[in-house]
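I have placed the structure first, in the form of structure tokens, so that the comments after it can refer back to it.
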Amino acid sequence: MQEQEFYDVKTKKKFKATEYRLEEKKGRFFVVAKSPAGTHECWRVVSKDTAAKIKG
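Under this note's numbering, the first residue of the sequence shown is numbered 2, with each subsequent residue one higher.
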């Protein structure tokens, strides 16, 4: 997987992750990664083009 940058709202810090999953909700695509600073998840909106690349 390609590296994506996420923002952790709880710790107010950015981090990069290569392990994440792709989710679709109401026609929008998101990549979801686990936060390195806790047990919560961080979501990021991605374009349809990026989602297509991730799907393969």
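By construction, the Cβ of each residue, glycine as well, lies at the ideal position given by its N, Cα and C atoms.
CA-CA distance, K15 to A34, rounds to 12 Å. At the C-beta level, K49 and F30 come within 8 Å of one another. Exclusion of the five residues before and after W44 leaves F31 and V33 as the residues of its chain whose Cβ lies within less than 6 Å of its Cβ. Its chain contains F30, F31 and V32 as the residues whose beta carbon lies nearer than 7 Å to that of V47, once the 5 sequence neighbours on both sides are disregarded; these appear in chain order. For K56, the closest alpha carbon among the candidates S36, K13 and E25 is that of E25.
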